Amino acid sequence: MDVLRVATAGSVDDGKSTLIGRLLYETKSITQDKLDAIERASQRKGIDFLDLSLLTDGLIAEREQGITIDVAHIYFNTPKRKFIIADSPGHVEYTRNMVTGASKSEASLILIDARKGIVEQTYRHYFIANLLRIPNVIVCVNKMDLVDYSQEVFNAIKKDFTALTEKLPNKHLALTIIPLSSLHGDNLTESSERMSWYEGDPLLTILEDLPVKKLLKDLPFRMPIQYVIRPRNEANHDFRGYAGRISSGEINEGDSVVVLPSGRTTKIRKIYKYDTELECATAKESITLTVEDDVDISRGDFIVRAGEETELRTNFQAYICWLNSQPLATNKTYLLQHGTLVVKSKVSSIEFVQDTASLLKIESINTLKMNEIACVSLKTGKPIAADPYDTNPPNGTFILLDEHTNNTVAVGFIGS
Amino acid sequence: MKEYLREFPRELEDEAVYIIREAASQFERPAILFSGGKDSITLVRLAQKAFYPGKVPFPLVHIDTGHNFIETIEFRDWLVSQTGMELVVGHVQDDINAKRATEETGKFSSRNTLQTTTLLRTIEEYNLDACLGGARRDEEKARAKERIFSVRDDFGQWDAKNQRPELFDYLNGRIKPGENVRVFPISNWTELDVWNYIREEKLEIPSIYFSHTREVIDRDGVLWPYSDFIYKEPSEVVVHRQVRFRTVGDMSCTAALASDASTVDQIINEIIDATVSERGSRLDDKRSEAAMETRKVIGYF
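Taken in order, these protein sequences are the chains called A and B.
Residue numbers for the first sequence follow the working numbering, beginning at 1 and rising by one.
Residue numbers for the second sequence follow the working numbering, beginning at 417 and rising by one.
Pasting the structure below:
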């Protein structure tokens, strides 16, 4: 059984909580005691319907203020796969949560209120989905019941959204636009009779059938070394295992590999997954490798296949999203983590700040505040073995850490 | 019926092993918080896999309320002898004796809250910089907001609104002296995932998870396991029932479940058909709507 990670983002009123609640309800993923608790809490709040946002708004402050502050994780299964929903609040000040929620996702659900059409938030959501190169974007035109299930309304929104994607092109994007009513369950788990003009599948079927992980498997092999296993006991006296999680591609026993950044070459002797020996391992698997030669390999190094080396970079451009309340200081030293390697770095200049709603590029700016996204130039103290995010997403990201506060202050996507 | 609910998604194991290896790499003195429950048993298995053929490079820490199910303690000692792992026990009684913690009194008294004092003391005493726990996001709504690497301050406090963002696979465990991190490798597992894993991996679990006859007190439909640790009103009667436990806390905060399930397969069937969620039998969560968050803020895991 595979796992599909889905990011959802939306404003308070566009029916996102109802949609998620409904998916849980229809797939029988919510138990009676939880439903009862929501009913009691809804009554206390003086509302006469089930406020399904109470399911995801777990913190006291969230329930008090009736807003979602943090990314919530929701789980459900269908016969086809397990789903993990990362639900992020949609307010502008929470861009960092949207980026966080989207960072692990293979699909993004963007909700649009059929009465309102595309609004500023829609631009932001799509911008982030596109920046993160999420392969599948599903646009849910919700509340179709409030526009009499009108095909014209839907088509107009569809046209507007398609125009938006043309402004921010992504050749890998698989886009689906679906009309639904989460309140009444139209096109959610079953095709709606009230919208017979819609020929696509209902939302759940779409989610069940999305192809995942194929893309990762077809990319060149990349594995950051996490940990060196040296048992030093009698049975395994000479065992040196290089443990890590494959970020992309596949590796076979006997493959010639290169250790980066040192550039030393060797061959894969054995691939272990715990106590099992494998002939081949693929992206996302946690494995342990042994190699033929006695080469120096430690945490922070990358193993790649010979002939598929990445360029080693010390100066490069990247999009970064600032995540911390302390603004970016150019020419201050931050720690940059790429894979398991941590190096010193500086943002040498800000090329432009990207307005995610108007899509305008704002130049001549010398700092970055929380939730802002910018294109910047960076330099690092030691080379990193990264790929451009566009060609290999898992190996094209980094985070910036503040040495003094230890906070994660930014996430970056390496440019080509 | 519902065969798809009986399959364990292996990707979750890869993710958990990755997280455990990060903990071993980033911290100097990590430990596994071991309650004797199914989630921490799962963690031990994952840790063994993460470092195979080497040994697990950290000890087990058990915070002992003194109100244990005897079966859990027997199981703990058996597991320690099987795995050769080091065991550290922090006794709640020691904190009560030293007046660092005060015993609750009355009908619903429990040592559950006192565990926090003992946990924080044990962390300090052994200088632990990271504690791996078996908490899962699907258990409870405050836990749904928990990070995989969750930073706690000098006093073990959780600041829900100022958590570090976790992007892609990056886990930031950088801390200042005195701070420590709670690590949750099975954050993304559900109760069913854990049970399917136990079945597929053929893991041993304490016998109280399976149906057995036990003395209980029926309080408004909640079956309290009867023991010396529980307050009994003169009017209340102790009855024998066929029960099992769905979660294992200490005896004063875990309610029993009327059940005939005596194999892992039967337990899985029972969970699939359940209309009550896992922590529905946890009396510690029922104290208020935000009982879990309130405890987490002050250092509970």
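All C-beta atoms in this analysis are idealised placements derived from N, C-alpha and C, irrespective of residue type, glycine included.
Fair warning: this is a prediction, and the values are worked out from it, not measured in the lab.
CB contact check: residue i to chain B, cutoff 8 Å
{"i": "THR408(A)", "result": "yes"}
{"i": "PRO220(A)", "result": "no"}
{"i": "VAL304(A)", "result": "no"}
{"i": "LYS45(A)", "result": "no"}
{"i": "ILE271(A)", "result": "no"}
{"i": "MET370(A)", "result": "no"}
{"i": "SER103(A)", "result": "yes"}
{"i": "ASN236(A)", "result": "yes"}
{"i": "PRO79(A)", "result": "yes"}
Sub-8 Å separation of residue i and residue j beta-carbons
{"i": "SER157(A)", "j": "ILE178(A)", "result": "Per the sequence shown, residue 157(A) should be read as Ile rather than Ser. Contact: no."}
{"i": "GLY452(B)", "j": "ILE229(A)", "result": "no"}
{"i": "ALA677(B)", "j": "SER623(B)", "result": "no"}
{"i": "THR488(B)", "j": "VAL664(B)", "result": "yes"}
{"i": "ASN407(A)", "j": "LEU401(A)", "result": "yes"}
{"i": "GLU277(A)", "j": "ILE268(A)", "result": "no"}
{"i": "LEU378(A)", "j": "VAL353(A)", "result": "no"}
{"i": "LEU323(A)", "j": "ILE350(A)", "result": "no"}
{"i": "ILE373(A)", "j": "LEU164(A)", "result": "no"}
{"i": "PRO641(B)", "j": "ALA672(B)", "result": "yes"}
{"i": "GLY482(B)", "j": "VAL508(B)", "result": "yes"}
{"i": "THR380(A)", "j": "LEU336(A)", "result": "yes"}
{"i": "GLN442(B)", "j": "GLY550(B)", "result": "no"}
{"i": "THR282(A)", "j": "ILE246(A)", "result": "yes"}
Inter-residue Cα distance where the pair is residue i and residue j
{"i": "GLY419(A)", "j": "THR333(A)", "result": "For residue 419(A) there is no data in the structure shown, the boundaries of chain A being 1 and 416."}
{"i": "LYS284(A)", "j": "ASN371(A)", "result": "29 Å"}
{"i": "ASP238(A)", "j": "ARG232(A)", "result": "7 Å"}
{"i": "SER262(A)", "j": "ILE297(A)", "result": "9 Å"}
{"i": "ASN578(B)", "j": "SER191(A)", "result": "42 Å"}
{"i": "SER196(A)", "j": "MET144(A)", "result": "13 Å"}
{"i": "SER150(A)", "j": "LEU24(A)", "result": "27 Å"}
{"i": "ALA386(A)", "j": "ILE110(A)", "result": "30 Å"}
{"i": "PRO224(A)", "j": "SER526(B)", "result": "46 Å"}
{"i": "GLU620(B)", "j": "ILE614(B)", "result": "8 Å"}
{"i": "LYS171(A)", "j": "ILE384(A)", "result": "27 Å"}
{"i": "ILE687(B)", "j": "SER675(B)", "result": "11 Å"}
{"i": "ASP186(A)", "j": "ARG194(A)", "result": "8 Å"}
Assumed close pair residue i, residue j - CB separation to whole angstroms, cut-off 8 Å
{"i": "LEU175(A)", "j": "LEU188(A)", "result": "No, LEU175(A) and LEU188(A) are not in contact; Cβ-Cβ is about 19 Å, not under 8 Å."}
{"i": "PHE474(B)", "j": "ALA447(B)", "result": "5 Å"}
{"i": "VAL137(A)", "j": "LEU173(A)", "result": "6 Å"}
{"i": "GLU562(B)", "j": "GLU694(B)", "result": "Rounded, the Cβ-Cβ distance is 16 Å, inconsistent with contact."}
{"i": "GLY415(A)", "j": "TYR319(A)", "result": "7 Å"}
{"i": "SER643(B)", "j": "MET667(B)", "result": "5 Å"}
{"i": "ASP87(A)", "j": "ALA72(A)", "result": "5 Å"}
{"i": "ASN596(B)", "j": "ILE539(B)", "result": "6 Å"}
Proximal chain C residues relative to residue i, where beta-carbon distance stays under 7 Å
{"i": "ALA243(A)", "result": "No chain C appears in this structure, whose protein chains are A and B."}
Interface flag, residue i vs chain A, CB-CB below 8 Å
{"i": "ILE457(B)", "result": "no"}
{"i": "ILE591(B)", "result": "yes"}
{"i": "ASN604(B)", "result": "yes"}
{"i": "GLU540(B)", "result": "no"}
{"i": "ALA672(B)", "result": "no"}
{"i": "SER566(B)", "result": "no"}
{"i": "ASP545(B)", "result": "no"}
{"i": "GLY549(B)", "result": "no"}
{"i": "ASP430(B)", "result": "yes"}
{"i": "LEU583(B)", "result": "yes"}
{"i": "SER668(B)", "result": "no"}
{"i": "PRO469(B)", "result": "yes"}
{"i": "THR529(B)", "result": "no"}
{"i": "LYS454(B)", "result": "no"}
Beta bridge counterpart(s) of residue i as assigned by DSSP
{"i": "ALA357(A)", "result": "In DSSP, ALA357(A) forms no bridge with anything."}
{"i": "MET223(A)", "result": "ILE303(A)"}
{"i": "GLN442(B)", "result": "Answer by DSSP bridge pairing: none, since GLN442(B) is not bridged."}
{"i": "GLN317(A)", "result": "SER377(A)"}
{"i": "LEU341(A)", "result": "HIS338(A)"}
{"i": "GLY415(A)", "result": "For GLY415(A), which the question treats as bridged, DSSP gives no partner whatsoever."}
{"i": "HIS507(B)", "result": "ASP480(B)"}
{"i": "GLN573(B)", "result": "None; GLN573(B) has no bridge partner."}
{"i": "PRO641(B)", "result": "VAL632(B)"}
{"i": "LYS346(A)", "result": "THR333(A), LYS379(A)"}
{"i": "ARG660(B)", "result": "LEU673(B)"}
{"i": "ASN252(A)", "result": "CYS280(A)"}
{"i": "ARG5(A)", "result": "ILE84(A)"}
Residue i beta carbon near the ligand PLP (any heavy atom closer than 7 Å)
{"i": "ARG240(A)", "result": "As for the ligand PLP, it is missing from this structure, which has no ligand bound."}
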